[in-house]
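Peer 1: In this note's numbering, the protein residues as written are 598 to 743.
Positions of the beta carbon are idealized from the N, C-alpha and C atoms, including for glycine.
Quick caveat, the model's predicted, so the values are computed rather than measured.
1. Return the residue from the list 733, 734, 727 that minimises the CA-CA distance to residue 620.
2. With H, G and I counted as helix, E and B as strand and the rest as coil, what does DSSP make of residue 611?
3. For residue 605, which residues from the same chain have a beta carbon less than 6 Å from its beta carbon, with the 5 sequence-adjacent residues on both sides left out?
4. Tell me whether residue 650 is buried or exposed, calling it buried when 16 or more other Cβ atoms sit within 10 Å of its Cβ.
5. Can you check which of these residues, 675, 668, 622, is closest to residue 630 by C-alpha distance?
6. What span of residues does the beta strand (DSSP E) with residue 717 cover, start to end?
7. Which residues in the same chain have their Cβ closer than 6 Å to the Cβ of residue 655, if we skip the five residues on either side of it in sequence?
8. Out of 628, 612, 713, which has the shortest C-alpha to C-alpha gap to residue 676?
9. Locate the beta strand (DSSP E) running through residue 623, then write down its first and last residues.
10. Could you check what DSSP says for residue 685 in three-state terms: helix, strand or coil?
11. Which residue from 643, 648, 624 puts its Cα closest to that of residue 615?
12. Starting from residue 602, follow the beta strand (DSSP E) in both directions and report where the run begins and ends.
13. Just reading off the beta strand (DSSP E) that residue 652 is part of, what are its end residues?
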């Protein structure tokens with residue numbers, strides 16, 4: 598069963614309780630202010646806290662906000678540790694084809710790997726590919742998703 602957990606102009610978040618799966622779709626803009634992005638990350642953390650998922654997909658194909666270095670540091674210091682504390686074990690990114698957006702996201706992930714090495718993270722071009730990776734050790738769950 599899929600539950601719409603949250604929706605606004607920047608994010609849609611769906612929770613699949615029986616799968617311990619949070620599926621988020623991001624719609625950030627290139628003109629987005631840093632404060633708006635911080636608020637969006639707060640919304641994301643609210644969703645993580647509410648459903649405590651083991652598996653999270655961040656679909657950033659429609660995202661256009663480029664994460665500045667100081668914001669990257671903030672995400673790594675504040676967001677990642679809290680998400681992991683609330684149970685996130687695997688994080689799949691479906692990436693934007695927009696070069697700068699993708700590069701800034703990859704930099705955040707690369708930095709987080711040093712801080713939180715036990716969190717498994719991957720980049721994918723398609724949602725199906727990301728789901729397969731998230732649930733690769735659980736064929737029963739994988740069957741339910743497709």
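Peer 2: Quick look at the numbers:
1. 727
2. strand
3. Excluding positions up to five away in sequence, the list is empty.
4. For residue 650, the number of other beta carbons within 10 angstroms of its own is at least 16, and it is reported as buried.
5. 668
6. 717 to 721
7. Taking C-beta separations shorter than 6 Å and ignoring five residues to either side along the sequence, the partners of residue 655 in its chain run 621, 690, following chain order.
8. 713
9. 618 to 623
10. coil
11. 648
12. 600 to 604
13. Note, residue 652: beta strand (DSSP E), 652 to 656.
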